[in-house]
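Asker: Quick note on our numbering: the sequence shown kicks off at 4 and runs consecutively.
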Amino acid sequence: MGVSILLIVVALTIGMVGCDGGNGNGESYALHIASTEGGSVTSPGEGMFTYNEGTLVNLVAEADGEYQFSSWTGDVGTIADVDAATTTVTMSDDYSITANFQCITQVAAGWAHTVGLKPDGTVVAVGLSDDGQCNVDGWGSITQVAAHGYHTVGLKRDSTVVAVGLNDDGQCDVGGWGRITQVAAGWYHTVGVKDDHTAVAVGLNDDKQCEVGHWTDITQVAAGYRHTVGLKDDGTVVAVGSNHTWQCDVDDWTDITQVAAGHYFTVGLRDDGTVVAVGDNSYGQLNVEGWTDITQVAAGGGHTVGLKGDGTVVAVGAIPDGQCDVDGWTDIAQVAAGDAHTVGLKDDSTAVAVGWNDDGQCDVDGWC
């Protein structure tokens with residue numbers, strides 16, 4: 004009788020282990036899976052799933068149309084590769100993860116063209132391309148784009164630079180550049196920040212807008228029509244080039260976190276979310292003194308654009324083409340200003356644009 008009872012207990016114990024998936028403790032965990040716009044999770048699907056502790060779950064995310072998978076976010080500690088669309092997650096707790104898809108990661112605007120950077124480092128462009136400024140189809144491994152006038156500039160992952168478009172003044176002669184961390188495009192010149200926080204510039208130099216070789220401690224640059232602006236790591240600002248409308252009078256600026264350069268004016272974002280501006284104010288583009296909660300600024304031909312912390316946008320200055328009609332914009336993550344048009348990158352990585360569109364520079368809705 005004793006032997007029979009012992010066998011029954013052993014059998015029940017083995018059965019309980021088998022129901023538990025072999026881990027012996029009976030723990031099970033919930034996995035909640037979701038996705039952003041632009042794709043879906045096809046394996047195991049989306050919603051709530053339950054797995055035993057130690058289970059290796061296969062994850063497969065698939066993008067729609069022009070979107071591309073970017074990353075997994077959330078409780079990603081046991082995901083094998085957060086940057087891979089096909090990967091695994093090991094269950095050791097309750098997890099909530101999201102598959103993120105992107106279409107455009109950054110926008111830039113030139114005189115009459117608009118440029119968009121895609122997650123895989125390729126680039127798209129619309130608008131005027133008489134000088135080849137939209138010929139970016141072959142670009143790859145790009146991490147940042149800049150545009151102004153009639154040329155487009157791209158910073159590559161290896162810290163080199165490419166440029167296309169009008170090159171009458173050598174503004175596209177960046178083939179020898181290296182160790183670059185940020186680029187800016189002016190009307191007829193191009194500027195770059197190096198990894199040692201110095202600056203380089205090529206192109207038209209009739210107003211000495213390219214004489215940045217003596218700059219140090221630079222973290223960001225901006226380029227206007229014939230002037231160049233540099234942000235230093237202590238929050239002060241330097242500028243060279245044409246100053247006939249006092250667009251370079253930035254010596255007394257402090258606590259600046261970002262700079263932008265328009266045709267004949269300069270804009271600075273302060274660390275408290277307010278904005279300062281100097282230079283030509285013919286169209287009211289300097290009337291930013293009442294702005295608050297600004298997180299990024301952009302400067303166009305005669306208008307200034309500010310992105311607010313809540314994702315809305317404000318703009319002042321020239322309005323004949325509707326380039327300041329941004330009152331209804333929401334969920335914006337980045338803004339760019341062309342000569343007479345304004346571009347916004349939304350949280351869902353789609354783009355919007357308003358203003359002058361004679362050359363199709365605002366036709367960005369087909370990017371995604």
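Cβ coordinates follow ideal geometry from the N, Cα and C atoms, glycine included.
Quick one: residues in its chain with C-beta nearer than 7 Å to the C-beta of D96, no 5 flanking neighbours on either side, listed in chain order?
Answerer: Start at 1 with the first residue of the sequence shown, and residue 96 comes out as number 93. Excluding sequence neighbours, D96 sits near Y32.
Asker: Less than 6 Å between C-beta atoms, sequence neighbours within five positions excluded: which residues of the same chain meet that for T248?
Answerer: Residue mapping note: residue 248 aligns to position 245 of the sequence shown, counting from 1. If you ignore the 5 residues before and after T248, its C-beta comes within less than 6 Å of the C-beta of Y267, G282 and D283, all in its own chain and listed in chain order.
Asker: Near D123, what residues of its chain come up, given a Cβ to Cβ distance below 6 Å and the 5 sequence neighbours on each side ignored?
Answerer: What you label residue 123 is simply residue 120 of the sequence shown in a count that begins at 1. Excluding residues within five positions, the ones whose Cβ falls inside 6 Å are Q71.
Asker: In the DSSP assignment, what residue or residues form a beta bridge with Y54?
Answerer: Within the sequence shown, the letter at position 51 stands for residue 54. Its beta-bridge partners are Y32.
Asker: Can you say whether H116 is buried or exposed, counting buried as having 16 or more other CB atoms within 10 angstroms of its CB?
Answerer: Working through the sequence shown from its first residue, we reach residue 116 at position 113. H116 should be labelled buried.
Asker: Ignoring anything shorter than 3 residues, give me the beta strand (DSSP E) runs that lie fully in the stretch 310–348, in order along the chain.
Answerer: With a minimum length of 3 residues, the continuous beta strand (DSSP E) runs that stay inside the stretch 310–348 are 316–320 and 335–340.
Asker: Kindly indicate which residue of V357, V279, Q364 and D351 has the alpha-carbon position closest to the one of E69.
Answerer: Walking along the sequence shown from the start, residue 69 turns up at place 66. Looking at the Cα atoms, D351 is the closest of the given residues.
Asker: Ends of the beta strand (DSSP E) at I82?
Answerer: Here residue 82 is taken as the residue at index 79 of the sequence shown, counted from 1. Careful: I82 lies outside any beta strand (DSSP E) and carries neither H nor E.
Asker: Tell me the DSSP secondary structure of W370 in three-state form.
Answerer: Numbered from its first residue, the sequence shown carries residue 370 at position 367. Here W370 sits in helix by DSSP.
Asker: Go ahead and label L59 buried or exposed: buried means 16 or more other beta carbons lie within 10 angstroms of its beta carbon, across all protein chains shown.
Answerer: Here residue 59 is taken as the residue at index 56 of the sequence shown, counted from 1. Exposed is the call here.
Asker: Is it true that the CB of G216 sits closer than 9 Å to the CB of T201?
Answerer: To locate residue 201, count along the sequence shown from 1; it is residue 198. To locate residue 216, count along the sequence shown from 1; it is residue 213. In this structure, G216 lies closer than 9 Å to T201 by Cβ.
Asker: Buried or exposed: R229, going by 16 or more other Cβ atoms within 10 Å of its Cβ?
Answerer: Reading the sequence shown from its first residue, position 226 is the one you call residue 229. The residue in question, R229, is buried, as its Cβ has 16 or more Cβ neighbours within 10 Å.
Asker: Can you grab the Cα-Cα spacing for the pair N246 / A280, in whole Å?
Answerer: Walking along the sequence shown from the start, residue 246 turns up at place 243. Walking along the sequence shown from the start, residue 280 turns up at place 277. Taking the straight line from one Cα to the other gives about 14 Å.
Asker: Buried or exposed: S46, going by 16 or more other Cβ atoms within 10 Å of its Cβ?
Answerer: Position 43 of the sequence shown, counted from the first residue, corresponds to residue 46. S46 should be labelled exposed.
Asker: Pull up the distance between the alpha-carbon of V196 and that of T184, whole angstroms please.
Answerer: Translated into the one-based positions of the sequence shown, residue 196 becomes position 193. Translated into the one-based positions of the sequence shown, residue 184 becomes position 181. If you take the alpha carbons of V196 and T184, they lie about 6 Å apart.
Asker: So A112 and H344 are in contact, right, with Cβ under 8 Å, and what is the actual spacing, rounded?
Answerer: Reading the sequence shown from its first residue, position 109 is the one you call residue 112. Reading the sequence shown from its first residue, position 341 is the one you call residue 344. Contact between A112 and H344 holds, with the beta-carbon distance rounding to 6 Å and staying under 8 Å.
Asker: Looking at the secondary structure, which residues open and close the beta strand (DSSP E) in which T239 lies?
Answerer: Here residue 239 is taken as the residue at index 236 of the sequence shown, counted from 1. Careful: T239 lies outside any beta strand (DSSP E) and carries neither H nor E.
Asker: If we ignore side chains and look at the alpha-carbon of each, how far apart do W294 and G80 end up?
Answerer: On the sequence shown, position 291 is the one that residue 294 refers to. On the sequence shown, position 77 is the one that residue 80 refers to. Spanning the two alpha carbons is a distance of roughly 40 Å.
Asker: On the DSSP letters alone, give me the boundaries of the beta strand (DSSP E) that Q105 sits inside.
Answerer: Taking the sequence shown and counting its residues from 1, one reaches residue 105 at position 102. Note, Q105: beta strand (DSSP E), Y98 to Q105.
Asker: With a CB to CB cut of under 6 Å and the five nearest residues on each side skipped, what residues in its chain are close to D366?
Answerer: Residue mapping note: residue 366 aligns to position 363 of the sequence shown, counting from 1. Contacts found: V129.
Asker: Which residue marks the beginning of the beta strand (DSSP E) containing N138, and which one marks its end?
Answerer: The residue you call residue 138 lines up with position 135 of the sequence shown. That residue, N138, is in no beta strand (DSSP E); it is neither H nor E in DSSP.
Asker: Run through the DSSP bridge pairs and tell me what W75 is partnered with.
Answerer: Along the sequence shown, read from residue 1 onward, the residue named residue 75 stands at position 72. Answer is A102.
Asker: So, is T1 buried or exposed, given that buried needs 16 or more other C-beta atoms within 10 angstroms?
Answerer: The chain is shown from 4 up to 371; residue 1 falls before or after that span and cannot be answered.
Asker: Does the Cβ of N138 have 16 or more other Cβ atoms within 10 Å, making it buried, or fewer, making it exposed?
Answerer: The sequence position of residue 138 within the sequence shown is 135, counting from 1. The residue in question, N138, is exposed, as its Cβ has fewer than 16 Cβ neighbours within 10 Å.
Asker: What residues match up with R273 in a beta bridge as DSSP calls it?
Answerer: Against the sequence shown, residue 273 aligns to sequence position 270. I259, per the DSSP bridge assignment.
Asker: Kindly indicate the opening and closing residues of the beta strand (DSSP E) around L158.
Answerer: Mapped onto the sequence shown, residue 158 falls at position 155. L158 -> beta strand (DSSP E) spans H154 to K159.
Asker: Between C106, D330 and V164, which has its C-alpha nearest D368's C-alpha?
Answerer: If you number the sequence shown from 1, residue 368 lands on position 365. When each option's Cα is compared against that of D368, the closest is C106.
Asker: Hey, out of D133, G304, D275 and T298, whose CA is closest to L289's CA?
Answerer: As a working mapping, residue 289 is identified with position 286 in the sequence shown. That would be G304, whose Cα lies nearest to the Cα of L289.
Asker: Once the 5 residues before and after V167 are set aside, which same chain residues still bring their CB inside 7 Å of it?
Answerer: Taking the first residue of the sequence shown as 1, we reach residue 167 at position 164. The residues are G135, Q136, N138, V139, H154, T155 and C175.
Asker: On the DSSP letters alone, give me the boundaries of the beta strand (DSSP E) that G358 sits inside.
Answerer: If you number the sequence shown from 1, residue 358 lands on position 355. Here the beta strand (DSSP E) through G358 covers A354 to G358.
Asker: Between N360 and the ligand ZN, is the CB less than 8 Å from at least one heavy atom?
Answerer: Only the bare structure without any ligand can be found here, which leaves the ligand ZN out of the picture.
Asker: Between which two residues does the beta strand (DSSP E) carrying H192 extend?
Answerer: For this step, residue 192 is matched to residue 189 along the sequence shown. It spans H192 to K197 - the beta strand (DSSP E) in which H192 sits, taken as one unbroken run.
Asker: Start and end of the beta strand (DSSP E) containing N61?
Answerer: Translated into positions along the sequence shown, residue 61 becomes position 58. Per DSSP, N61 belongs to the beta strand (DSSP E) from L59 to A66.
Asker: Let me check understanding here. Comparing Cα to Cα, which of G341, V186, T76 and L158 lies closest to D324?
Answerer: One-based indexing of the sequence shown puts residue 324 at position 321. Here the closest residue by C-alpha is G341.
Asker: To the nearest angstrom, how far is the alpha carbon of G25 from that of A102?
Answerer: Within the sequence shown, numbered from 1, the residue matching residue 25 stands at position 22. Within the sequence shown, numbered from 1, the residue matching residue 102 stands at position 99. Here the model assigns G25 a pLDDT of 36, short of 50, so the residue's position is not dependable, and the following value carries that caveat. Whole-angstrom Cα-Cα distance: 30 Å.
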